[in-house]
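Trainee: Below you'll find the structure I mean.
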Amino acid sequence: MTTGTAPAAAVRGPGLRERLAQNPGVVVAVRWGLLLASTAIAFWQTLGAVVDEMRAGTIITYLPAAVILVGIAAVGISWRRATELPIYDRQTDAIVGVVLLLVAISVKVMNLRYPDAYLTSHVDLLALWVFLLGGACMVFGLRPVGRYGWAWLLLLMIFPVPYRMIVLPLGGDSLAAGVVMVLFGAMATGVATGRTRRRGFAGAAIAAAVGVAALIGVRVLFPDAARIVYQTVPAVGAALVASAWLYVDYRRQPHESWSPLGRSMYPVSVRKVGRPGIALVLFAVAMFFIPIPSYGDIPSARVDGLNTRPPMAVPSGWVQGSVTRYDWVTRLYGPESSMTVQDLFQSQGSTQFDKFARPRKVQVNAIEASNPLRFEVYPAIFVYDLVGDRFSDPMPVELPHGVTGYLQTIVDDDSYLTFNRLYWTWTDGRRTQRVNLLSVDNHEPDAAFPSPDLTVARNMSTFLSVLFRGNAVTIDLQPQLKDRDLLVGCATDLINTQVDAIGGES
85 MTTGTAPAAA VRGPGLRERL AQNPGVVVAV RWGLLLASTA IAFWQTLGAV VDEMRAGTII
145 TYLPAAVILV GIAAVGISWR RATELPIYDR QTDAIVGVVL LLVAISVKVM NLRYPDAYLT
205 SHVDLLALWV FLLGGACMVF GLRPVGRYGW AWLLLLMIFP VPYRMIVLPL GGDSLAAGVV
265 MVLFGAMATG VATGRTRRRG FAGAAIAAAV GVAALIGVRV LFPDAARIVY QTVPAVGAAL
325 VASAWLYVDY RRQPHESWSP LGRSMYPVSV RKVGRPGIAL VLFAVAMFFI PIPSYGDIPS
385 ARVDGLNTRP PMAVPSGWVQ GSVTRYDWVT RLYGPESSMT VQDLFQSQGS TQFDKFARPR
445 KVQVNAIEAS NPLRFEVYPA IFVYDLVGDR FSDPMPVELP HGVTGYLQTI VDDDSYLTFN
505 RLYWTWTDGR RTQRVNLLSV DNHEPDAAFP SPDLTVARNM STFLSVLFRG NAVTIDLQPQ
565 LKDRDLLVGC ATDLINTQVD AIGGES
């Protein structure tokens with residue numbers, strides 16, 4: 085009788101889940117997916133507003149190119165050798181991450197303080213940047229986030245105020261927008277290729293040269309190309325060419341083996357996300373319920389056949405004075421936009437509007453644009469020199485032919501003048517016209533009216549005051565609409581005259 089030895093049990097290897105958890109590429113992709121999904125949830129309304137504004141063809145079409153260029157810079161940083169020790173104590177990461185997420189909430193709430201300039205400033209995009217930074221600290225750790233410091237600094241480009249302040253004084257056209265993006269692309273390329281300071285400067289110089297050449301090519305071959313083409317193709321193309329050039333030059337050096345990185349991927353410093361990841365999702369859900377200022381809800385009456393090209397036809401009972409055209413308006417509302425300012429005087433004065441029965445003056449500002457949303461991107465405070473003035477809340481006024489106007493006061497504390505403003509928007513189905521009527525409480529013939537001026541840069545100081553001090557610095561809490569009847573009567577005459585010129589309303 086013999087005895088046999090039982091076969092040893094086979095050792096079971098790691099399962100699919102364990103193998104994926106040990107793959108640095110998969111771990112990084114999953115965590116980035118969590119971070120981006122949380123950001124999309126937290127800023128879903130913001131992203132929708134950006135898409136709407138891009139469809140309107142405003143200057144914010146630079147954002148996709150800016151994000152791509154930051155991505156190129158981040159990839160360049162990641163391909164450098166930078167070993168990091170594992171992070172076991174996550175307390176500091178969690179504290180910094182939570183503080184940044186709370187700051188993001190505060191900035192997004194602060195966005196509600198200045199609804200009239202929401203599409204101009206997009207403070208919620210600044211909140212998005214802070215949220216991304218805090219979320220990255222939660223899922224990747226402080227040390228890895230700090231290694232990408234230059235990329236995070238470049239990502240601040242998604243906050244559009246500095247970009248607008250640079251592009252508009254340069255002319256505000258597609259070429260100016262493209263030039264600024266080429267310069268930004270050169271900076272991103274310098275970060276991507278900056279293994280050494282010399283290589284970084286070389287990468288930036290190559291990107292700038294290629295970008296300028298590409299921009300000239302687009303201008304010569306496709307002069308009527310959309311603005312997004314000028315903003316994206318030269319800058320991104322030049323960054324890719326310069327980065328690829330220096331990458332190939334670096335990889336020509338002898339190595340033991342060839343791979344895209346020239347090495348194996350480093351393991352992630354933070355082994356597990358755990359509760360910080362759950363906290364990130366909870367913050368994202370909470371921020372989803374923070375609203376953004378409303379936009380795109382100003383009614384535009386449609387009148388088929390309406391002539392939206394200013395100046396407006398002068399109605400009977402009014403006498404036209406000077407008419408001035410302002411070509412710089414194309415910087416704000418697009419190359420096909422136009423703006424005029426007409427001085428209209430009553431043909432006969434009335435004691436109803438002046439105790440001496442002097443003919444009153446009404447200033448008519450008419451702006452034509454291809455998309456009504458552009459009037460919300462650059463409202464009246466960016467067309468007139470009204471820096472520091474106080475505005476009352478607009479009051480709706482029913483006008484003829486289905487037009488809804490809005491009446492408000494503008495108080496100039498420096499000159500001790502109060503202006504009444506009545507404005508409305510209407511369209512022929514293709515083009516849109518914004519009409520502003522202004523009167524002043526000084527009835528003298530030489531009374532000063534607000535002068536049209538491109539004031540985007542100067543309005544930023546008012547904007548910052550509102551952010552930190554509240555709306556009280558720009559709101560007229562006790563409006564005096566003394567010229568309501570004058571402006572409503574003028575608006576009625578103007579609207580009827582324009583409609584009669586096409587034989588009736590639609």
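Quick note, the numbering used here runs 84 ahead of the 1-based positions in the sequence shown.
The beta-carbon is built from N, C-alpha and C at its ideal position, and this holds for glycine as well.
1) Name, in chain order, the residues that DSSP records as bridge partners for L404.
2) Would you give the residue range spanned by the beta strand (DSSP E) that V446 belongs to?
3) Could you tell me the alpha carbon to alpha carbon distance between G486 and T576, rounded to whole angstroms?
4) G160: buried (16+ other C-beta within 10 angstroms of its C-beta) or exposed?
5) Select from C574, D308, T424 and L119 the residue whose C-alpha is nearest the C-alpha of F224.
6) To the nearest angstrom, how far is it from the Cα of R514 to the Cα of G278?
7) Pick out whichever of L428, G274, A158 and G155 has its Cα sitting closest to the Cα of A293.
8) Quick check on the DSSP output: the alpha helix (DSSP H) that includes V245 runs from which residue to which?
9) Identify, in the order they occur along the chain, each residue of the same chain with its Cβ nearer than 7 angstroms to the Cβ of S122, setting aside the five sequence neighbours on each side.
10) Can you give the Cα-Cα distance for L299 and I152, rounded to whole angstroms?
11) Say whether chain B places a C-beta atom closer than 8 angstroms to the C-beta of I579.
12) DSSP state of R505, grouped into three classes?
13) Assign E420 to one of two classes, buried (16 or more other C-beta atoms within 10 Å of its C-beta) or exposed (fewer than that).
14) Would you mind reading off the limits of the alpha helix (DSSP H) that contains G573?
15) At 4 residues or longer, and completely inside the region 142 to 219: list those alpha helix (DSSP H) runs for me, N to C.
16) Give the DSSP-derived three-state secondary structure of G275 in the structure shown.
17) Between the region 190 to 210 and the region 175 to 182, can you find at least three pairs of beta-carbon atoms closer than 8 angstroms?
18) Quick one: residues in its chain with C-beta nearer than 6 angstroms to the C-beta of Q430, no 5 flanking neighbours on either side, listed in chain order?
19) Please report the straight-line C-alpha distance between S590 and R386, rounded to a whole angstrom.
20) Measure the alpha-carbon distance for A328 versus R115 and round it to whole angstroms.
21) Could you round the C-beta distance between C574 and L390 to whole angstroms and report it? I think they count as a contact, below 8 angstroms.
22) For the region 307 to 318 against the region 280 to 287, do three or more pairs of beta-carbon atoms, one drawn from each stretch, fall closer than 8 angstroms, so that the two count as touching?
23) With C-beta atoms as the reference, is R415 less than 8 angstroms away from L252?
24) Starting from R415 and walking both ways along the beta strand (DSSP E), at which residues does that stretch end?
25) Alpha carbon to alpha carbon, how far is V519 from V110?
26) Per DSSP, what kind of secondary structure is T435 in: helix, strand or coil?
27) What's the gap between the Cα of S499 and the Cα of M396?
28) Could you have a look at P318 and say whether DSSP puts it in helix, strand or coil?
29) Measuring straight from C-alpha to C-alpha, what distance separates L522 and F459?
30) Can you name the start and end residues of the alpha helix (DSSP H) that V296 belongs to?
31) Give the single residue among F466, P563, L212 and Q436 whose Cα lies nearest to the Cα of P534.
32) Report, in whole angstroms, the separation of the C-beta atoms of I374 and K192, which I expect to be a contact under 8 angstroms.
33) Which of the three DSSP states is assigned to I494 in this structure?
34) For A531, which option in Q447, D469 and S422 has the closest C-alpha, if you only look at C-alpha atoms?
35) Can you tell me where the alpha helix (DSSP H) with L254 in it begins and where it stops?
36) Express the C-alpha separation of V332 and D411 in angstroms, rounding to a whole number.
Mentor: To lay it out plainly:
1) Reading the sequence as shown, one finds Gln at residue 404 and not Leu. Its beta-bridge partners are L428.
2) K445 to A453
3) 11 angstroms
4) buried
5) Ranking C574, D308, T424 and L119 by CA distance to the CA of F224 puts L119 first.
6) Roughly 49 angstroms separates the two Cα atoms.
7) G274
8) Run containing V245: P244 to V251, per the alpha helix (DSSP H) assignment.
9) G219, L364, V365 and A368
10) L299 and I152: Cα-Cα distance of roughly 18 angstroms.
11) This model lacks chain B altogether; it includes just one protein chain.
12) Of the three classes helix, strand and coil, the one that applies to R505 here is strand, per DSSP.
13) The residue is exposed, with fewer than 16 neighbouring Cβ atoms inside 10 Å.
14) For G573, the uninterrupted alpha helix (DSSP H) segment begins and ends at R568 to D584.
15) 147 to 162, 175 to 194 and 202 to 205
16) Per the sequence shown, residue 275 should be read as Val rather than Gly. If DSSP states are grouped into helix, strand and coil, V275 belongs with the helices.
17) no
18) P443 and R444
19) Since pLDDT at S590 reaches only 43, below the 50 mark, its modelled position is unreliable, and the value read off the structure follows with that caveat. Spanning the two alpha carbons is a distance of roughly 8 angstroms.
20) 27 angstroms
21) With 8 angstroms as the limit, C574 and L390 do not qualify as a contact, their Cβ atoms being about 18 angstroms apart.
22) no
23) yes
24) For R415, no beta strand (DSSP E) encloses it; the enclosing alpha helix (DSSP H) starts and ends at T414 to Y417.
25) V519 and V110: Cα-Cα distance of roughly 56 angstroms.
26) coil
27) 30 angstroms
28) Of the three classes helix, strand and coil, the one that applies to P318 here is helix, per DSSP.
29) 17 angstroms
30) R281 to L305
31) Ranking the options by Cα distance to P534, first place goes to F466.
32) 5 angstroms
33) strand
34) It is Q447 whose Cα lies nearest to the Cα of A531.
35) It is not in any alpha helix (DSSP H) - L254 carries neither H nor E in the DSSP assignment.
36) 48 angstroms
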